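Numbering (the UniProt record's numbering), first residue to last: 1 to 606. Ideal Cβ placement from N, Cα and C applies to all residues, glycine included. Since this is a predicted model, take the numbers as computed values, not measurements. Notes to accompany the following structure.
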């Protein structure tokens, strides 16, 4: 289809009006020399192609108008077989130019002597007139093309909007709905034809789109509760103003997502790590076999589990394996280390917060880990590091299965299974008033104890082989095993850091070893020495202590120097060359008390 063919009806009406007004005939020709419009003798030839069209070809090529006074005798006509006998008597042919391109011609034609006289006596005025008609036709073509392009773009926009999963709603500055995609129809249960061109508030309340007109930049991921036809929807809404040519907002477009679906996406991102099952727990010792069997039995229930054991024994792996074997396996597993986060932040991490709850609180608020774990499992590691205040709040969650965000006043129901873990002796902490006994009994509905590696030496060799192969593949090595000396050293070592320390030791050895077998020289120094390492304390004659005692004394000394508050602990950790999380873990492990607390304890004991 030629560009003029898009407006052929407009061209025909214009040709007929011109012919009636001027008393001459009119025809419009496109680039392919096809008559798009015509009057008089050529009316019936509309749609057919000119057989010769030498004059039209000339105008199309030169982009300049021409006046043929004697048709058949003009120099352009000399190569035409109708030279001297052309059925045209005279003509004015004018190019139709749209933008920078010639798209056709419009001609005034004389078929009679009377019409020829009209062209000859009014040539200049007719030339100017037909030029304006050519401009009008060109403008109509451009307008039609622009309209067609807009319609295509609108169709594409609607197709894109209907393809997205989010509900998309747009309003003008008066709050009237201008766009409403298929997802919005499904989300709000409102047909598009019922809400389009209607005021938004007449159908939906609680969707704060008009606020985005007055707020520069709109807002992002705001939590909203929307009423739609008697239903209360919990949504996450992002809105942006639509700016006019004068820089002022002329409307708002917003996208809305179901809050639960957003949580589900967060779960998938948070859980995009390896799924651990009981088969992934390496060990053939009787203790591990019995523990795995017991954990598999209780996995199908919804009861709370308390996993105890030294640091590095694999408490989180057991928690993940229980989750993977439970009815909640396709729901989120959310883990949080209660000992690695300062108390002031831990509350908002666990319970979330509302907008404006504190300085720096994110707009729209933020769901906590309990909400993110809804319908799934939450793993609370190092539960012994939790303050008494947060212990009370956790107890309420266990009792009522509801959470209240920081700065909020509404209770949010949660369906979660709680698995807690600690390397601390909670019973001793209860006796010292540092852990709530009622929370302990709520947590330890199903207690699981993971024995340290030194109590199951038959698992050491299995673990050594498994992780040797693992790091072989990871590092591109081909180490076949261990020398007898290296194996004896590993079996004799007490592994105070348990499985975690063993994994690190194997990675260290595989990196260093250049031969086919790992020898003692490639093992960490602590493993080479084997057993409990002893060290001499400078300046103390004939006194020997374990490294564990040295570590304990070093931490107490640093904390006494820098202070036992959070800031002091951070400085002490930096001075000792360890992380803040590690110093919290060591404080819990050794049950370290500040001087004030120690004095208070001694006073009570007296």
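Please name the residue in the options whose C-alpha comes closest to that of residue i.
i	options	result
residue 204	301, 232, 155, 245	232
residue 188	250, 144, 230	230
residue 93	115, 112, 57	57
residue 565	499, 13, 342	342
residue 282	387, 125, 454, 499	499
residue 304	346, 443, 53, 368	443
residue 486	395, 523, 508	523
residue 30	440, 110, 50	50
residue 225	258, 246, 250	258
residue 217	439, 176, 248	248
residue 515	577, 407, 472, 387	472
residue 581	137, 153, 385	385
residue 452	255, 312, 184, 296	312
residue 334	296, 340, 375	375
residue 450	398, 290, 592, 526	290
Is the beta carbon of residue j closer than 8 Å to that of residue i?
i	j	result
residue 36	residue 131	no
residue 468	residue 479	yes
residue 336	residue 381	yes
residue 209	residue 252	yes
residue 68	residue 98	no
residue 47	residue 19	no
residue 65	residue 133	no
residue 118	residue 38	no
residue 325	residue 377	no
residue 490	residue 474	no
residue 350	residue 369	yes
residue 352	residue 405	yes
residue 572	residue 559	yes
residue 502	residue 439	no
residue 448	residue 294	yes
residue 483	residue 517	yes
residue 109	residue 25	yes
residue 241	residue 213	yes
residue 175	residue 200	yes
residue 454	residue 287	no
residue 371	residue 414	yes
List the residues that DSSP assigns as beta-bridge partners of residue i.
i	result
residue 452	According to DSSP, which records beta bridges pairwise, residue 452 is partnered with nothing at all.
residue 255	168, 238
residue 179	170
residue 353	366, 406
residue 29	35, 105
residue 336	380
residue 224	235
residue 243	249
residue 447	306
residue 199	176
Can you tell me the Cα-Cα spacing of residue i and residue j, whole angstroms?
i	j	result
residue 219	residue 417	34 Å
residue 420	residue 172	52 Å
residue 327	residue 146	58 Å
residue 366	residue 373	14 Å
residue 193	residue 180	9 Å
residue 237	residue 227	14 Å
residue 166	residue 160	11 Å
residue 506	residue 587	28 Å
residue 86	residue 113	13 Å
residue 81	residue 4	29 Å
residue 432	residue 423	17 Å
residue 2	residue 75	29 Å
residue 21	residue 77	29 Å
residue 425	residue 402	28 Å
residue 529	residue 388	42 Å
residue 548	residue 583	14 Å
residue 354	residue 211	19 Å
residue 52	residue 28	15 Å
residue 61	residue 157	39 Å
residue 538	residue 488	Confidence is the limiting factor: at residue 538 the pLDDT is only 43, short of 50, which leaves the residue's position unreliable and the question unanswerable from this model.
residue 578	residue 555	10 Å
residue 317	residue 215	47 Å
residue 332	residue 429	31 Å
residue 6	residue 107	19 Å
residue 398	residue 470	40 Å
residue 11	residue 151	22 Å
residue 54	residue 115	21 Å
residue 154	residue 511	60 Å
Can you tell me whether residue i sits near the ligand GTP, meaning its C-beta is under 7 Å from at least one heavy atom of the ligand?
i	result
residue 185	This structure lacks the ligand GTP; in fact it carries no ligand of any kind.
Only counting runs of 4 or more residues, tell me where the alpha helix (DSSP H) segments fall wholly within the stretch 41 to 123, in order along the chain. 54 to 62, 113 to 121
Which residue spans inside the stretch 463 to 540 form an unbroken alpha helix (DSSP H) run of at least 4? 484 to 492, 498 to 512, 525 to 529
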